[in-house]
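Per my numbering, the sequence shown starts with residue 15, numbered consecutively.
We put the CB at the ideal spot given by N, CA and C, even for glycine.
A short worksheet on the structure shown next.
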Amino acid sequence: MADSGNPDYRDGGLEFAPDFVIGSATASYQIEGAAREDGRGPSIWDTFSHTPGKTWNGDTGDVADDHYHRLEADLDLMKSLGLEAYRFSIAWPRIQPTGSGPVNQAGLDFYGRLVDGLLERDITPIATLYHWDLPQTLEDAGGWVNRDTAYRFAEYAALTTEALGDRVHTWTTLNEPWCSSYLGYGSGAHAPGRTDGAAALTAVHHLNLAHGLAIPEIRRNAPKALASVTLNFHVIRGDDDEARRRIDALANRAFTSPMLLGRYDDDLLEDTASVTDWQFVRPGDLELIHQPIDVLGVNYYSTVTVRMWDGRGAKTVNDGHKDMGGSPWPGSRDVEFLPQEGPFTDMGWNIAPDGLEELLLSLKEQFPQQPLMITENGAAFPDRVVDGRVPDADRIDYLNRHFTAAHRAIAQGVDLRGYLVWSLMDNFEWGYGYSKRFGIVRVDYETQERIVKDSGHWLAEVISTRRTPGL
Ligand code: FCB
Numbered sequence: 015m016a017d018s019g020n021p022d023y024r025d026g027g028l029e030f031a032p033d034f035v036i037g038s039a040t041a042s043y044q045i046e047g048a049a050r051e052d053g054r055g056p057s058i059w060d061t062f063s064h065t066p067g068k069t070w071n072g073d074t075g076d077v078a079d080d081h082y083h084r085l086e087a088d089l090d091l092m093k094s095l096g097l098e099a100y101r102f103s104i105a106w107p108r109i110q111p112t113g114s115g116p117v118n119q120a121g122l123d124f125y126g127r128l129v130d131g132l133l134e135r136d137i138t139p140i141a142t143l144y145h146w147d148l149p150q151t152l153e154d155a156g157g158w159v160n161r162d163t164a165y166r167f168a169e170y171a172a173l174t175t176e177a178l179g180d181r182v183h184t185w186t187t188l189n190e191p192w193c194s195s196y197l198g199y200g201s202g203a204h205a206p207g208r209t210d211g212a213a214a215l216t217a218v219h220h221l222n223l224a225h226g227l228a229i230p231e232i233r234r235n236a237p238k239a240l241a242s243v244t245l246n247f248h249v250i251r252g253d254d255d256e257a258r259r260r261i262d263a264l265a266n267r268a269f270t271s272p273m274l275l276g277r278y279d280d281d282l283l284e285d286t287a288s289v290t291d292w293q294f295v296r297p298g299d300l301e302l303i304h305q306p307i308d309v310l311g312v313n314y315y316s317t318v319t320v321r322m323w324d325g326r327g328a329k330t331v332n333d334g335h336k337d338m339g340g341s342p343w344p345g346s347r348d349v350e351f352l353p354q355e356g357p358f359t360d361m362g363w364n365i366a367p368d369g370l371e372e373l374l375l376s377l378k379e380q381f382p383q384q385p386l387m388i389t390e391n392g393a394a395f396p397d398r399v400v401d402g403r404v405p406d407a408d409r410i411d412y413l414n415r416h417f418t419a420a421h422r423a424i425a426q427g428v429d430l431r432g433y434l435v436w437s438l439m440d441n442f443e444w445g446y447g448y449s450k451r452f453g454i455v456r457v458d459y460e461t462q463e464r465i466v467k468d469s470g471h472w473l474a475e476v477i478s479t480r481r482t483p484g485l
């Protein structure tokens with residue numbers, strides 16, 4: 015920990031270097047709408063959200079922020095905030111409606127317009143190839159439990175990067191494969207909603223493989239672009255070493271070890287031996303997965319606190335995710351997730367900027383040569399509109415404290431390249447539908463009107479002055 019500054023991370027007037035990139039992020043299914051237009055095929059999130067009981071209020075991404083039709087105005091909005099970079103994702107089912115076969119030109123053209131629109135406005139495009147909207151046809155063939163999906167992904171990555179090339183500054187293979195595998199196939203909280211621990215671990219490997227197969231395609235088609243992956247790290251608290259080790263293995267090292275070190279750790283294989291024998295890892299896979307990346311994307315929101323469950327009394331499962339019947343922790347169902355100290359955001363997630371500093375320092379220690387970028391950080395709060403303004407002081411405070419954490423990490427030698435706030439605008443928050451607002455821009459879902467929240471003005475000031483405002 016840095017030994018100067020406020021203990022609560024409420025510093026002000028912190029300076030960021032001119033090349034530290036500050037921007038904002040979104041994802042295709044959460045904002046685009048136009049779910050059945052221009053040849054887009056259905057994704058697992060269309061199917062899941064249209065299944066009764068899966069999302070809050072039965073909300074779907076059919077219309078979302080209608081960004082698909084409001085592209086130009088949304089680009090102007092980004093420009094008005096002065097964003098230096100914009101992280102978006104590409105919907106695979108717009109490019110290949112059934113997950114294989116030729117490109118759907120109309121779908122591809124949308125992203126061409128987006129990338130060109132960003133470049134015209136001097137905003138750096140950071141594209142994610144997979145932010146969870148798997149073509150439904152591929153799920154029907156087994157989804158991420160089917161090894162073939164990794165090869166289909168590499169093909170999709172090749173087609174997309176061939177078309178957009180290094181007009182995109184940074185190509186990210188996957189967003190949070192932890193969620194795709196463990197929430198999608200283990201807990202059932204995310205699409206496709208399966209609850210099978212062995213399937214979840216199989217998906218982990220095939221997502222890792224998909225990443226490894228896609229990186230060479232990016233290198234070939236976009237030689238000047240940076241290649242990356244974004245992971246949601248779990249910052250794990252508690253006095254119980256065994257519980258912490260187990261959750262670290264499942265949540266963090268299941269991805270970082272194969273991708274960055276070329277191995278699955280023995281303790282992960284042992285902890286999950288009752289669930290699977292990992293025979294789905296074929297000879298040569300780890301060499302394929304272990305690809306150098308230029309920047310590691312870090313998503314951080316809050317911490318977890320764990321301990322081994324003694325089997326007495328009810329087990330607490332406060333891991334920050336919706337309970338949909340299954341477990342996102344295959345082989346570790348006897349680990350408890352304890353309630354944590356507040357304050358909390360509207361997601362019920364604890365606010366812990368020290369966790370971000372700790373995470374960045376730990377990544378530097380584990381992977382000293384690896385540049386990092388915060389690809390998501392932000393907070394949901396129940397905003398109010400007052401006289402045409404959104405006075406979201408709680409979100410500004412959250413962001414200020416996490417910018418402080420990032421600044422302290424940089425001061426301690428972390429090679430942190432930038433910070434992208436989640437999210438540019440309120441949007442479809444997966445299982446929580448439209449009930450949670452993460453935007454620095456408010457969206458009125460009846461009229462699609464956008465109002466820049468006070469936090470949006472705050473971020474614009476940080477970008478233009480290169481410093482957090484004084485307190
Ligand atoms: C992350 C997701 C992102 C958003 C935030 C709140 O896990 O990547 O799409 O939902 O959480």
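7 angstroms CB neighbourhood of residue i in its chain, flanking five on each side removed
| i | result |
| --- | --- |
| V182 | V129, P139, A141, A236 and A239 |
| D397 | V404, D406, R451, R456 and K467 |
| A265 | W192 and H248 |
| G470 | L95, I454 and V455 |
Closest residue to residue i among the options (Cα-Cα distance)
| i | options | result |
| --- | --- | --- |
| Q293 | V35, V159 and I45 | V159 |
| A241 | R464, N118 and L143 | L143 |
| A214 | V289, D73, D123 and L133 | V289 |
| L28 | H421, N441 and E153 | H421 |
| G115 | A203, R166 and D337 | R166 |
| V35 | D79, D136, L221 and R267 | D136 |
| Y82 | T69, W436, Y43 and G113 | Y43 |
| Q354 | G369, D348, G345 and R347 | G369 |
| V349 | D324, G179 and F358 | D324 |
| L536 | A423, G356 and L413 | As shown, the chain starts at 15 and ends at 485. That puts residue 536 outside it, with no answer to give. |
| G447 | I104, A78, G53 and A168 | A78 |
| M92 | R481, G484 and L473 | L473 |
| A177 | G484, E231, Q380 and D262 | E231 |
Cut-off 6 angstroms between Cβ atoms - residues of its own chain near residue i, not counting five sequence neighbours on either side
| i | result |
| --- | --- |
| G37 | L97, E98, A99, Y100 and L434 |
| A212 | V289 and T290 |
| D76 | A49 |
| T40 | F102, S437 and L438 |
| K378 | V428 |
In DSSP terms, what residue i is bridged to
| i | result |
| --- | --- |
| Y100 | S38 and P139 |
| N246 | N313 |
| L188 | Y144 |
| W436 | A39 |
Nonlocal neighbours in the same chain, by C-beta distance under 8 angstroms from residue i, ignoring five residues either side
| i | result |
| --- | --- |
| L302 | L223, G226 and L227 |
| L352 | G252, T319, V320, R321, T330 and N332 |
| R84 | Q462 |
| R233 | A241 |
| A5 | The chain is shown only over 15 to 485; residue 5 falls outside these bounds and no answer can be derived. |
Within-9 angstroms CB hit, residue i to chain E
| i | result |
| --- | --- |
| S271 | The structure shown contains no chain E; it holds only a single protein chain. |
Exercise. Given 8 angstroms as the limit, is there contact between the region 168-187 and the region 90-110, that is, 3 or more CB pairs closer than that?
Worked result: yes
Exercise. Counting pairs of Cβ atoms below 8 angstroms between the region 297-312 and the region 351-363, do you hit three or more?
Worked result: no
Exercise. Unbroken beta strand (DSSP E) runs of length 3 or more, entirely within the region 354-415: which are they?
Worked result: 386-390
Problem set entry | Complete beta strand (DSSP E) runs within the region 126-185 (minimum length 3 residues, chain order) | 138-144
Exercise. Fully enclosed by the region 448-485, which alpha helix (DSSP H) runs are 4 residues long or longer?
Worked result: 468-479
For this session: Could I get the ranges of all uninterrupted alpha helix (DSSP H) runs contained in the region 22-96, with 4 residues as the minimum, in chain order?
Result: 42-45, 58-63 and 85-95
For this session: Check whether the region 63-81 touches the region 148-165, taking contact to mean three or more Cβ pairs, one atom from each stretch, closer than 8 angstroms.
Result: no
Exercise. Touching or not, the region 111-122 and the region 190-205, by the rule of three or more beta carbon pairs under 8 angstroms?
Worked result: no
For this session: Go through the region 214-278 residue by residue and report every complete run of the alpha helix (DSSP H) that reaches 4 residues or more, in order.
Result: 255-262
Exercise. How about the region 365-376 and the region 422-429: do they share at least three Cβ pairs that are nearer than 8 angstroms?
Worked result: yes
Problem set entry | Three CB pairs or more closer than 8 angstroms across the region 380-397 and the region 435-450 | yes
Exercise. Three or more beta-carbon pairs under 8 angstroms between the region 196-210 and the region 334-346, yes or no?
Worked result: yes
Problem set entry | Length-filtered (4 minimum) alpha helix (DSSP H) runs lying within the region 290-352 | 299-303
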